[in-house]
Structure formats: structure tokens, C-alpha cells
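*Asks:*
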Amino acid sequence: EYLAHDADGKRHVHLRPDLAFRVGQGFPLLLDTKYKTLDTKYKTLVPTDPRLGVSQADLYQMFAYAKVYACPRILLLYPQTAALPERLSRRFTFHGDHESGGETVTVATLDIRRDLGKSVGRDALIQELATILQKATAA
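In my numbering, each number is its position in the sequence shown, counted from 1, plus 1.
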């Protein structure tokens, strides 16, 4: 999908989330991962930073995905780091005209500091991801 096209119909700004879940012609869920840590200021702003350290640019990108893909739910994952002692999860609703009252973006951290060479590490990662997905797709 593309964000824009010019007067000649040439498409510009290719948008591609990491995972796009498709049902028929629609996209009920998009998943995007970031391989950067959340803003390090977050450690000292836990009670006061409503965005959890998520950059404005990342939220704009998720908004573009929601609009271009006509997708009601987006999951944005960041790596859990030692600097963030607890898992983070927050749901944001975009203002707009979507039938459901606005698209939602769930921002969460995923602990990837496991030994994935062992089945116990892989199983724990799968279970954590399943829990995050369930929360992101809950009404």
C-alpha cells in the first residue's frame, strides 16, 4: 500500500507493516515492531509520560497504517530492556471517522532477553506474545 500518489498516478511513500493479518480483503490487525528502545527519559517519567516514551513519529506511522489499510487495530511492539523493569502496555485511540469510533493502537514491550536456543525460552516468548495479541484484539 502507498500513502500518496501524484497527479500522474505514480505512487509514493510505500507503507508496509511487519505483519498484516488479512481476512478476506480486510486487515483486522497490523503488527509493527521497533528494534529501538523506548525513550530513555521514560525511566524517570513513569507516572507522567502518557505516551510511555513512544515517539510522536512512531504514532504518526501507526496512524498512517490505520488509514491506508483501513485497519481498526494495530499492535506496536518494542523490546523489553533492563532499563524498563516492568512490561509496558497501553492502548491509544485515534480520533477519526472509523465505524468503530476510532482505530486503536496497543503499544507493548516484549521481553526478548530469553535464551531462544532452549525450548523453555521459546515457549515463554510465545506465551507472552499470545497474551499481548489477545489484549490487543480485545474489544
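No residue lacks a Cβ here, since even glycine has one placed at the ideal position from N, Cα and C.
Count the other C-beta atoms from every protein chain shown that fall within 10 angstroms of the C-beta of E87, then say buried if there are 16 or more, exposed otherwise.
*Replies:* Taking the first residue of the sequence shown as position 1, residue 87 is located at position 86. With a 10 Å radius around the Cβ and a threshold of 16 neighbouring Cβ atoms, E87 comes out exposed.
*Asks:* Does DSSP put L134 in a helix, in a strand, or in coil?
*Replies:* Start at 1 with the first residue of the sequence shown, and residue 134 comes out as number 133. L134: helix per DSSP, three-state reduction.
*Asks:* Could you tell me which residues DSSP puts in a beta bridge with R74?
*Replies:* Taking the sequence shown and counting its residues from 1, one reaches residue 74 at position 73. In the DSSP output, where bridge partners are listed per residue, R74 has T105.
*Asks:* Distance, Cα to Cα, V221 vs D33?
*Replies:* Since the displayed the chain opens at 2 and closes at 140, residue 221 lies outside it and no answer follows.
*Asks:* Got a sec, what are the start and stop residues for the alpha helix (DSSP H) V69 sits in?
*Replies:* In the sequence shown, the residue the question calls residue 69 occupies position 68. Unbroken alpha helix (DSSP H) run through V69: Q57 to V69.
*Asks:* Mind checking whether F28 and A71 have CB atoms under 8 angstroms apart?
*Replies:* For the purposes of this step, residue 28 is taken as residue 27 along the sequence shown, with counting starting at 1. For the purposes of this step, residue 71 is taken as residue 70 along the sequence shown, with counting starting at 1. Contact: yes.
*Asks:* With DSSP as the reference, identify every bridge partner of F28, one or two as the case may be.
*Replies:* Here the question's residue 28 lines up with position 27 in the sequence shown. Paired residue(s): none; F28 is not in a bridge.
*Asks:* With which residues is P80 paired in a DSSP beta bridge?
*Replies:* As a working mapping, residue 80 is identified with position 79 in the sequence shown. The partner list for P80 (beta bridge, DSSP) reads L111.
*Asks:* Starting from H6, follow the beta strand (DSSP E) in both directions and report where the run begins and ends.
*Replies:* Against the sequence shown, residue 6 aligns to sequence position 5. Its beta strand (DSSP E) spans residues Y3 to H6.
*Asks:* Based on the DSSP secondary-structure assignment, which residues constitute the bridge partners of T94?
*Replies:* In the sequence shown, counting from the first residue as 1, residue 94 sits at position 93. Answer is T105, bridged to T94.
*Asks:* Note down the Cα distance separating D124 from L85, rounded to an integer number of angstroms.
*Replies:* For the purposes of this step, residue 124 is taken as the residue at position 123 of the sequence shown. For the purposes of this step, residue 85 is taken as the residue at position 84 of the sequence shown. Those two C-alpha atoms are separated by around 22 angstroms.
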